[in-house]
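Below is one structure, written out as structure tokens; the observations come after it.
Numbering (full-length UniProt numbering), first residue to last: 1 to 575.
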């Protein structure tokens with residue numbers, strides 16, 4: 001069905017509401033907008049459904065949400081009869097339409113006689129993952145678009161293990177979704193009727209309390225002798241869900257000087273003070289830096305709107321310096337392992353997990369402690385999926401997982417990235433080193449001296465719309481055919497294509513399977529240990545390039561980084 005036919009199918013439907021019809025009529029003369037909204041249907045990516053709000057197949061709206069939920073309901077009903085009794089837990093963030101989408105999902109599931117636990121107000125994503133495990137539900141739904149701009153919303157789907165669904169479940173839900181007629185296929189009932197039938201249960205503080213107690217259980221050090229709890233912390237939740245849980249856990253840990261950016265404290269679906277609420281973007285720290293200077297802060301923390309990502313800045317010479325996700329992850333791994341070793345609590349078979357596009361510094365540190373590192377595809381569903389896989393084989397005890405895009409998780413009570421527990425661990429770590437007269441930047445430099453300098457850079461090429469997606473596909477196709485075999489004095493020794501699941505040794509000509517699920521990622525490793533990877537984003541209209549180098553000193557590491565960047569971008573721009 002072409003996009004014009006799809007447009008008229010919506011416009012001519014006798015069941016769409018008048019607001020949707022008016023929205024569709026308002027774009028009747030805009031061919032480009034019609035094409036953007038109807039040239040494809042939203043698909044499950046690395047984090048479920050995600051897209052701009054609005055009417056259309058390629059948009060997040062009440063019809064696409066109801067259809068996706070009916071797909072989930074069909075899958076649940078096709079399984080063990082116990083699944084419907086166990087039910088689904090639903091949470092949502094502070095975005096436009098989040099509460100409405102959560103209630104629509106609850107309406108569809110309960111109409112299919114599947115029990116639903118619905119949170120009474122906004123909650124962070126990690127609490128949803130925790131609640132799936134705590135309530136023993138078969139599934140969980142988180143309505144959020146994470147760090148995307150205000151025009152977006154999304155639908156993250158979780159399974160009974162508390163992790164986001166992997167492709168085996170996602171593909172089946174998508175198949176059921178596609179077989180459901182958009183407007184008349186989803187069953188729905190009023191929520192009051194669902195409550196009367198005992199199919200809808202509202203949940204709230206009891207799960208908050210349990211979650212916070214689990215976060216506090218991750219504490220490694222707590223005494224005033226070990227930690228300088230007077231450390232001065234400025235925190236911004238970026239008008240999202242982190243404000244209450246992050247401040248609560250820091251308060252209960254005894255941190256005395258936590259200051260919140262007032263303009264970004266309360267929920268705001270328009271993100272009026274920032275626009276793009278991604279804490280990876282240093283613009284997100286503009287107001288936090290002002291408060292940090294006023295309060296003489298030691299560290300600045302920012303969590304994204306659904307509080308699963310955490311970014312950090314550290315005071316140095318009167319200003320604040322950012323740590324990237326690789327550096328923060330490596331620092332936390334170092335702190336966890338040195339503390340566990342000192343406290344004699346290191347598991348004999350402990351392991352960490354990182355993504356295939358995350359740097360190698362934490363692996364080098366873990367190796368020095370005899371801790372194994374596993375790699376997984378990008379996305380925390382894959383990182384936590386790998387952790388579960390190793391634990392189920394009884395081959396190790398999970399300690400920590402992270403990826404370069406500022407996502408981290410410790411322990412096994414949440415199976416997704418968790419900015420609440422990460423905030424607590426990071427403040428504990430900063431307070432530990434502050435007691436010893438060091439900042440986190442000092443510690444990072446010490447790690448560079450001990451293990452070598454690791455440098456990294458991520459480049460995101462924004463390629464929106466139909467034309468952008470065509471260009472992304474062309475770049476990936478052509479780059480696979482022809483790529484630089486040497487950059488400067490560095491020669492390619494390994495070419496890994498995760499789409500064909502092949503790991504190619506260039507020197508020997510030997511090819512083996514990667515041993516991980518397929519994904520549209522290509523990775524090139526050099527003879528000096530440097531590497532780069534290219535992949536389309538699963539959640540945003542971007543092509544992402546990751547470059548990593550290691551060297552004995554900073555100048556050499558960054559020179560390599562710049563040279564690889566120039567060569568790779570030159571090749572991409574020629575396509």
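Built from N, CA and C at the ideal position, the CB exists for glycine as well.
For residue i, write down the residues that DSSP places opposite it in a beta bridge.
i           : result
residue 351 : 372 and 398
residue 490 : 487
residue 410 : 400
residue 497 : 502 and 522
residue 460 : 544
residue 472 : Beta-bridge pairing links residue 472 to no other residue.
residue 532 : 524 and 547
residue 164 : 158
residue 303 : 310
residue 512 : 503
residue 291 : According to DSSP, residue 291 bridges with nothing at all.
residue 271 : Looking at the DSSP assignment, residue 271 forms no beta bridge with any residue, so it has no partner.
residue 50  : 154
Let me make sure I understand the geometry here. Which of the options has the alpha-carbon closest to that of residue i?
i           : options               : result
residue 113 : 507, 498 and 198      : 198
residue 238 : 210, 221 and 94       : 94
residue 272 : 289, 392, 150 and 23  : 150
residue 549 : 536, 526 and 534      : 526
residue 118 : 105, 396, 227 and 159 : 105
residue 186 : 268, 27 and 62        : 62
residue 334 : 432, 263, 417 and 376 : 432
residue 262 : 250, 286, 253 and 249 : 286
residue 374 : 282, 402 and 559      : 402
residue 305 : 314, 122 and 227      : 122
residue 41  : 177, 507 and 90       : 177
residue 226 : 131, 180, 126 and 436 : 436
residue 568 : 546, 192 and 518      : 546
residue 484 : 554, 295, 506 and 556 : 506
residue 252 : 470, 535, 421 and 30  : 421
residue 328 : 235, 71, 562 and 444  : 444
residue 134 : 564, 170 and 412      : 412
residue 410 : 393, 384, 389 and 565 : 384
residue 528 : 479, 332, 557 and 348 : 557
residue 268 : 153, 96, 28 and 564   : 96
residue 289 : 235, 161 and 303      : 235
residue 469 : 517, 544, 102 and 381 : 544
residue 575 : 479, 498, 563 and 499 : 479
residue 340 : 370, 132, 78 and 260  : 370
residue 462 : 372, 494, 307 and 535 : 535
Taking the straight line between their C-alpha atoms, what separation do you get for residue i and residue j?
i           : j           : result
residue 7   : residue 284 : 37 Å
residue 368 : residue 362 : 10 Å
residue 522 : residue 533 : 6 Å
residue 541 : residue 466 : 10 Å
residue 208 : residue 246 : 12 Å
residue 397 : residue 254 : 29 Å
residue 248 : residue 241 : 12 Å
residue 218 : residue 537 : 32 Å
residue 12  : residue 24  : 10 Å
residue 228 : residue 138 : 43 Å
residue 425 : residue 1   : 51 Å
residue 142 : residue 100 : 12 Å
residue 163 : residue 451 : 33 Å
residue 182 : residue 64  : 7 Å
residue 56  : residue 10  : 8 Å
residue 449 : residue 358 : 21 Å
residue 519 : residue 488 : 29 Å
residue 35  : residue 472 : 18 Å
residue 21  : residue 15  : 10 Å
residue 331 : residue 440 : 8 Å
residue 294 : residue 281 : 22 Å
residue 617 : residue 60  : Lying before the first or after the last residue shown, residue 617 is absent from the chain, which here runs from 1 to 575.
residue 498 : residue 190 : 45 Å
Below 8 Å on the Cβ atoms is my contact criterion, and I expect residue i with residue j to pass it. Report the Cβ-Cβ distance as a whole number of Å.
i           : j           : result
residue 408 : residue 338 : Actually they are not in contact, since the Cβ atoms of residue 408 and residue 338 sit about 17 Å apart, beyond 8 Å.
residue 194 : residue 69  : In fact, because the Cβ distance is near 13 Å, the residues do not count as touching under 8 Å.
residue 58  : residue 51  : 6 Å
residue 170 : residue 44  : 4 Å
residue 377 : residue 457 : Not quite, the Cβ-Cβ distance comes to about 21 Å (not below 8 Å), so this is no contact.
residue 352 : residue 399 : 5 Å
Any heavy atom of the ligand SAM inside 7 Å of the beta-carbon of residue i?
i           : result
residue 144 : With respect to the ligand SAM, the structure offers nothing, as it holds no ligand at all.
Within the segment 2-43, ranges of the alpha helix (DSSP H) (whole runs, at least 4 residues): 3-11, 18-25 and 31-38
I'd like the ranges of any alpha helix (DSSP H) spanning at least 4 consecutive residues and lying wholly in the segment 203-244. 205-216
Along the chain, which unbroken stretches of the alpha helix (DSSP H) at least 4 residues long are found entirely within the segment 123-159? Counting only runs of 4 or more, we get 125-135.
Whole runs of the alpha helix (DSSP H) within the segment 77-120, excluding any shorter than 4 residues: 82-86 and 98-111
3-residue-minimum beta strand (DSSP E) runs that sit fully inside the segment 313-338, ordered along the chain: 319-323
Can you list the alpha helix (DSSP H) stretches of 4 or more residues lying completely in the segment 411-436, in chain order? Taken in chain order, the unbroken stretches of alpha helix (DSSP H) that lie wholly in the segment 411-436 and span 4 residues or more are 419-435.
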